[in-house]
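Enquirer: Just so you know, the protein sequences line up as chains A and B, in that order.
Numbering follows this note's numbering, in which position 360 of the first sequence is assigned residue number 1153; successive positions increment by one, without gaps.
Numbering follows this note's numbering, in which position 34 of the second sequence is assigned residue number 675; successive positions increment by one, without gaps.
We treat Cβ as the ideally placed atom computed from N, Cα and C, and that holds for glycine.
Predicted model only: the values in this text are computed from it and were never measured.
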Amino acid sequence: MNAITRRGFLGLSAGLSAAAVAGCGSGPTGAATTPKAGGRLRAAFAGGGAKEVLDPHLANLFVEAARSKALFDKLADLGPDVAAQPRLAERWEPNADLTRWRITLRQAVFHDGRPVRAADVLSSYARILDPARGFRAKSSLSVIDLANSRAVDDRTVEFALTRPFVEFPNVLAAFGAYIVPEGAEDFSRPVGSGPFAFVSFEPGKSVLLKRNPDYWEGAAHLDELQFVIANEESARVNALLGGQVDYAHDLTPTTARAHASGDRMTVVRSPNSAVQAFAMKLDRAPFDNRDLREAMFLLADRPQLVESTLAGAGQVGNDLYGKGYQYYADDIPQRVRDLDKAKHLIRKAGAEGMTIRLNTSTAAAGMVEAATIFADQAKGSGLTIEVVTGNKDTYWADILKDGVMSSFRSGAMPIETHIAQRLLSTSGTNVTKWARPGFDALYEKAVSTADATARAAVYGDMQRMLHAEGGYLMWGFADWIVGTATTVGGVSTAPANTLDWARFDKVWLG
Amino acid sequence: MSLSRYALRRLLFGAVQVLAVVTAVFLMVHALPGDAAVALAGDDPDPDRVEVIRRALGLDRPVLERFGEWLWGLARLDFGASVVSGRPVADTLVAALGPTVVLAVLTLVLLVPLAVAAGVAGALREGGPLDRALTSVTVGLHSIPEFALAIVLVAVFGVGLGWLPPTAVGVDVLAEPAVLVLPLVVLLARPLCSISRLVRAGMLDALASDYVRHARRLGVPPGRVRFAHALPNALAPAVQQVARTTDWLLGGVIVVEAVFVIPGLGTVLVDAVAARDLPVVQGLAVVFAVTTIAVNLLADLVAFRLAPRAAA
């Protein structure tokens, strides 16, 4: 299916759905406000067919992340401010130099009745850190010196780290760092400690779970939770409108706009969920020139990008990651479009008449549209932006190596994690090739500073450097949009990828 | 040549064709940019991690070795395992074959009688109001792209009026047959036209032919002339079109599957190509090649029976 057909298709579908409900009443009615026990909630997500797995350490797709969360627990997870908060870990205490962390586990049991023990934690982490396997959480967990970590008793783990690291709770909350029973390798009938227990799985079609009555945080409201797969957004919307599902994940801003005032679904928006950006590579021409990068920052008409690409479902960005998250530098003035200054900088950089290729793809919704609009905004500036659409399946690997400028988006993670994965000279996914010894040193200083105020100041300094000279033109933060039946209550608006996103133990059917 | 010798020769040739298709598909998927490790790493393509995944999936082994192993397995009817999930490809194919076959069989069961009836009715009243009405309706349906028809039907009957389930998400299609109504209408729309037009044309030719005129002069009753003498000859060309339609239906109707959320072969194909999951793509290629060859062989044999001269 090529991009144009697909877009036309979705656009047409949304328009027709809107037409079909035109004339319906105003605000959502009957939205459940008091929790009620019982019932089966059917949640529609996009899936991956034969490649879908229930192994939480392999989770990659949104549906896999949501299922992992229902079945398993992490030691910590990300709160609404994208800071780590305790989960299976009841508390954590570092030693004075931040190299040893003592974790006290909650009293929790797996679905088969066995208690969650320190040995399960150590073996789960050993599995993720296995050098022969490419689990996603491995790079985050690599700060752990497993050989020198130990189980103090059944409910106490002492982790040794390879260096001082005050943000260790972020590691415990890393994407996919779930605790599985010791020795678990076969996940065809997964056993976890999460709020729901496994019933059945048909890959590419459905997963059925049931309430875990013994969940440590209190049993879920729902009796049963069924994840169903519908890859097309229009199909998820139609299934929701037709009463076939109660929760439709990942809707487009167009759909949200069409149904925001209707009474056929409740539109739930999670602000600050996905940063939208263009990444410029600093290690090669032309963006090794700071003036030219600043010219790009000044060319972007951010409100227009948010209004057109995100259909208004988002906020403008200030070229910094993590708006609304812990440590975000709110005090840096917002950049606005300044064509005259941009023209001047382009001339100064000797880039007049230059054509710059902007790589993009349909790997994430709205990227091609944003690139096209940005190319239009650059008209009259003295240089030309040429949009090049690449292969969506290999896009992220391609832009890591090739090109000079590319569309970029990212889900929520702590600002520290974003820096560690993308902005250090040793980072594995450094798309902008930002490699500054001074910046690396600031990062080391931040993560080894125990005092919170002093640490926040260092994060502020790093963000000022990035704002002034970095390679990410972060123009917006998209809302994450889900639709629910009007009878569904308790759906959180926390950013996607945080604890409360797609968290069904707090949801009820009215 | 006898019918059985003809069939045997075609079967042997078919086996060679399957091998050729599988090899071509292997080479083409291999020529796509990226591999399963890159696709799996997704938005976290740390080169070290991609390399570890590549080794873990066995993708660092020589291509020809992997293909040879897979072919050797195929000879023993072993389709191998998904590179990504490790589940047997046969399980995935069987699970997806179910909805695809149900949809294809139901479509054909409705399509053939409807198309033949429409074609014959049109031919018998050539130029009359019925003929013109049938022509307008079938040509009209044929001219609507299937995805557009699907979306309109879902919006009107599924979501707007709420008469029929808009999708088949999460349900077993046989347990709730109502979910099949809208997809069947969409699948019938286009072949209904092509097949009924062929039947109509064949019938007109047959009715104007010497043998039919001769039968009439001999005083054979009109019903017998039309249905026992003219119709079988009129059907021969339509059989080939039915075969093509069957082949299309069994090859995974990707758009219809996507709109109505029917997890059939087309959906598996799209997912497997996106994941660069070669064993799954190759397994599908075998299924598609075998069904194409079998359906066409069957069509030739049927056409041969209906009108022996046609297949000579």
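Tell me whether residue 702 of chain B is buried or exposed, calling it buried when 16 or more other Cβ atoms sit within 10 Å of its Cβ.
Expert: The count along the second sequence starts at 1 and reaches residue 702 of chain B at position 61. Result: exposed.
Enquirer: The beta strand (DSSP E) spanning residue 1002 of chain A covers which residue range?
Expert: Translated into the one-based positions of the first sequence, residue 1002 of chain A becomes position 209. Per DSSP, residue 1002 of chain A belongs to the beta strand (DSSP E) from 999-1004.
Enquirer: Given this structure, state the Cα-to-Cα distance separating residue 1022 of chain A from residue 1044 of chain A, to the nearest angstrom.
Expert: By one-based count along the first sequence, residue 1022 of chain A stands at place 229. By one-based count along the first sequence, residue 1044 of chain A stands at place 251. Their Cα atoms are separated by approximately 14 Å.
Enquirer: Only counting runs of 4 or more residues, tell me where the alpha helix (DSSP H) segments fall wholly within the stretch 643-702 of chain B, in order along the chain.
Expert: Counting whole runs of 4 or more residues, the stretch 643-702 of chain B contains the alpha helix (DSSP H) stretches 644-672, 677-682, 688-697.
Enquirer: Quick one: what's got a C-beta closer than 6 Å to residue 1218 of chain A's C-beta in the same chain, skipping five residues either side?
Expert: Walking along the first sequence from the start, residue 1218 of chain A turns up at place 425. Excluding sequence neighbours, residue 1218 of chain A sits near 1228, 1233.
Enquirer: What residues in its chain sit with their C-beta under 6 Å from that of residue 655 of chain B, if we drop five residues either side in the sequence?
Expert: Here residue 655 of chain B is taken as the residue at index 14 of the second sequence, counted from 1. Around residue 655 of chain B: 934.
Enquirer: Please go through the same chain and pick out, in chain order, the residues whose beta-carbon is closer than 7 Å to the beta-carbon of residue 840 of chain A, but skip the five residues on each side of it.
Expert: Walking along the first sequence from the start, residue 840 of chain A turns up at place 47. For residue 840 of chain A, where only same-chain residues beyond five positions count, the Cβ hits under 7 Å are 854, 856, 997, 1022, 1024.
Enquirer: Which whole runs of the beta strand (DSSP E) in the stretch 923-988 of chain A are 3 residues long or more, in chain order?
Expert: List check, beta strand (DSSP E) in window: 943-946, 949-953.
Enquirer: Alpha carbon to alpha carbon, how far is residue 1262 of chain A from residue 1139 of chain A? Give it in angstroms, no decimals.
Expert: Start at 1 with the first residue of the first sequence, and residue 1139 of chain A comes out as number 346. Start at 1 with the first residue of the first sequence, and residue 1262 of chain A comes out as number 469. Each residue's Cα considered, the two are about 15 Å apart.
Enquirer: Strictly under 7 Å for the Cβ-Cβ distance: is residue 1189 of chain A near chain D by that measure?
Expert: Although the question refers to chain D, the structure presented lacks it and instead comprises the protein chains A and B.
Enquirer: Enumerated in chain order, which unbroken segments of the beta strand (DSSP E) with a length of 3 residues or greater are wholly contained in the stretch 1041-1121 of chain A?
Expert: Those beta strand (DSSP E) runs which fall completely within the stretch 1041-1121 of chain A and span 3+ residues are 1059-1073, 1107-1109.
Enquirer: Compute the Euclidean distance between the alpha carbons of residue 979 of chain A and residue 1248 of chain A, then round it to the nearest angstrom.
Expert: For the purposes of this step, residue 979 of chain A is taken as the residue at position 186 of the first sequence. For the purposes of this step, residue 1248 of chain A is taken as the residue at position 455 of the first sequence. Residue 979 of chain A and residue 1248 of chain A: Cα-Cα distance of roughly 42 Å.
Enquirer: Let's test the definition: count the other Cβ atoms within 10 Å of the Cβ of residue 1148 of chain A and tell me whether it reaches 16, buried, or not, exposed.
Expert: Here the question's residue 1148 of chain A lines up with position 355 in the first sequence. Its Cβ having fewer than 16 others within 10 Å, residue 1148 of chain A is exposed.
Enquirer: Report yes or no: do the stretch 984-998 of chain A and the stretch 889-908 of chain A share at least 3 C-beta pairs separated by less than 8 Å?
Expert: Taking 8 Å as the limit for Cβ pairs, the verdict is that the stretch 889-908 of chain A does touch the stretch 984-998 of chain A.
Enquirer: Determine which residues share a DSSP beta bridge with residue 887 of chain A and list them.
Expert: Sequence index remark: in the first sequence, residue 887 of chain A carries index 94 (1-based). Paired residues: A:894.
Enquirer: Any beta carbon of chain A sitting closer than 7 Å to that of residue 726 of chain B?
Expert: As a working note, residue 726 of chain B is residue 85 in the second sequence. Yes - at least one Cβ of chain A is within 7 Å of the one on residue 726 of chain B.
Enquirer: Taking CB distances under 7 Å as the criterion, tell me whether residue 846 of chain A reaches chain B.
Expert: As a first step, residue 846 of chain A is located in the first sequence; it is residue number 53 there, counting from the start. Yes, because at least one Cβ of chain B sits closer than 7 Å to the Cβ of residue 846 of chain A.
Enquirer: If we define contact as Cβ-Cβ less than 7 Å, is residue 969 of chain B a contact residue for chain A?
Expert: Beyond the ends of chain B as shown, which are 642 and 953, falls residue 969 of chain B; an answer cannot be given.
Enquirer: With distances taken from CA atoms, which of B:869, B:820, B:945 is nearest residue 1037 of chain A?
Expert: For this step, residue 1037 of chain A is matched to residue 244 along the first sequence. Considering only alpha carbons, the answer is B:820.
Enquirer: By the three-class DSSP mapping on this structure, what secondary structure does residue 937 of chain B have?
Expert: Counting from 1 along the second sequence, the entry for residue 937 of chain B is found at position 296. Residue state, collapsed to three classes: helix.
Enquirer: Helix, strand or coil, according to DSSP, for residue 1167 of chain A in the structure here?
Expert: Against the first sequence, residue 1167 of chain A aligns to sequence position 374. Helix.
Enquirer: Please name the residue, chosen from A:1115, A:1291, A:1040, that lies closest to residue 969 of chain A on a Cα-to-Cα basis.
Expert: As a first step, residue 969 of chain A is located in the first sequence; it is residue number 176 there, counting from the start. Of A:1115, A:1291, A:1040, the residue nearest in Cα terms is A:1291.
Enquirer: Could you give the DSSP three-state label for residue 817 of chain A: helix, strand or coil?
Expert: Reading the first sequence from its first residue, position 24 is the one you call residue 817 of chain A. Unreliable placement is indicated for residue 817 of chain A, whose pLDDT of 35 sits below 50; the coordinate value is still reported in the next sentence. Three-state DSSP puts residue 817 of chain A in coil, outside helix and strand.
Enquirer: Can you give the beta carbon distance from residue 1235 of chain A to residue 1255 of chain A, rounded, assuming they're within the 8 Å contact cut?
Expert: Working through the first sequence from its first residue, we reach residue 1235 of chain A at position 442. Working through the first sequence from its first residue, we reach residue 1255 of chain A at position 462. About 5 Å; that satisfies the 8 Å criterion.
Enquirer: If you draw a straight line from the alpha carbon of residue 1192 of chain A to that of residue 1216 of chain A, how long is it in whole angstroms?
Expert: For the purposes of this step, residue 1192 of chain A is identified with residue 399 of the first sequence, where counting begins at 1. For the purposes of this step, residue 1216 of chain A is identified with residue 423 of the first sequence, where counting begins at 1. About 15 Å.
Enquirer: Please check if any C-beta of chain A sits within less than 7 Å of the C-beta of residue 818 of chain B.
Expert: Here residue 818 of chain B refers to the residue found at position 177 of the second sequence. For residue 818 of chain B, the answer is no, since every Cβ of chain A falls outside 7 Å of its Cβ.
Enquirer: What do you get for residue 884 of chain A, buried or exposed, if any count of 16 or more other CB atoms within 10 angstroms of its CB means buried?
Expert: As a working mapping, residue 884 of chain A is identified with position 91 in the first sequence. Exposed, since its Cβ has fewer than 16 Cβ neighbours within 10 Å.
Enquirer: To the nearest whole angstrom, what separates the beta carbons of residue 715 of chain B and residue 917 of chain B, a pair I think is in contact under 8 Å?
Expert: For the purposes of this step, residue 715 of chain B is identified with residue 74 of the second sequence, where counting begins at 1. For the purposes of this step, residue 917 of chain B is identified with residue 276 of the second sequence, where counting begins at 1. Rounded, the Cβ-Cβ distance is 19 Å, inconsistent with contact.
Enquirer: Using a Cβ cut-off of 7 Å (strictly closer), state whether residue 800 of chain B contacts chain A.
Expert: If you number the second sequence from 1, residue 800 of chain B lands on position 159. Cβ-Cβ to chain A under 7 Å: yes for residue 800 of chain B.
Enquirer: For residue 1185 of chain A, which residues from the same chain have a beta carbon less than 7 Å from its beta carbon, with the 5 sequence-adjacent residues on both sides left out?
Expert: Start at 1 with the first residue of the first sequence, and residue 1185 of chain A comes out as number 392. Within the same chain, residue 1185 of chain A has close Cβ partners 1154, 1155, 1156.
Enquirer: Please list the partners that residue 1065 of chain A has in chain B, where partner means a Cβ-to-Cβ separation under 7 Å.
Expert: Walking along the first sequence from the start, residue 1065 of chain A turns up at place 272. Within 7 Å Cβ-Cβ: nothing; residue 1065 of chain A doesn't reach chain B, min ~18 Å.
Enquirer: Quick one: using the 10 Å Cβ neighbour count with 16 as the cut-off for buried, is residue 1026 of chain A buried or exposed?
Expert: The residue labelled residue 1026 of chain A in the question sits at position 233 within the first sequence. Result: buried.
Enquirer: Residue 1064 of chain A to residue 1288 of chain A, Cα distance in whole Å?
Expert: If you number the first sequence from 1, residue 1064 of chain A lands on position 271. If you number the first sequence from 1, residue 1288 of chain A lands on position 495. Residue 1064 of chain A and residue 1288 of chain A: Cα-Cα distance of roughly 6 Å.
Enquirer: How do the stretch 798-808 of chain B and the stretch 716-725 of chain B stand: do at least 3 beta-carbon pairs fall below 8 Å, yes or no?
Expert: No, the stretch 798-808 of chain B is not in contact with the stretch 716-725 of chain B.
Enquirer: Does the separation of the CB atoms of residue 756 of chain B and residue 644 of chain B fall below 7 Å?
Expert: Position 115 of the second sequence, counting from 1, holds the residue named residue 756 of chain B. Position 3 of the second sequence, counting from 1, holds the residue named residue 644 of chain B. Cβ distance not < 7 Å, so residue 756 of chain B and residue 644 of chain B don't count as in contact.
Enquirer: Once you ignore the five residues that flank residue 947 of chain B on each side, which residues in its own chain have a CB closer than 8 Å to its CB?
Expert: Reading the second sequence from its first residue, position 306 is the one you call residue 947 of chain B. 873, 874, 876, 877, 880, listed in sequence order.
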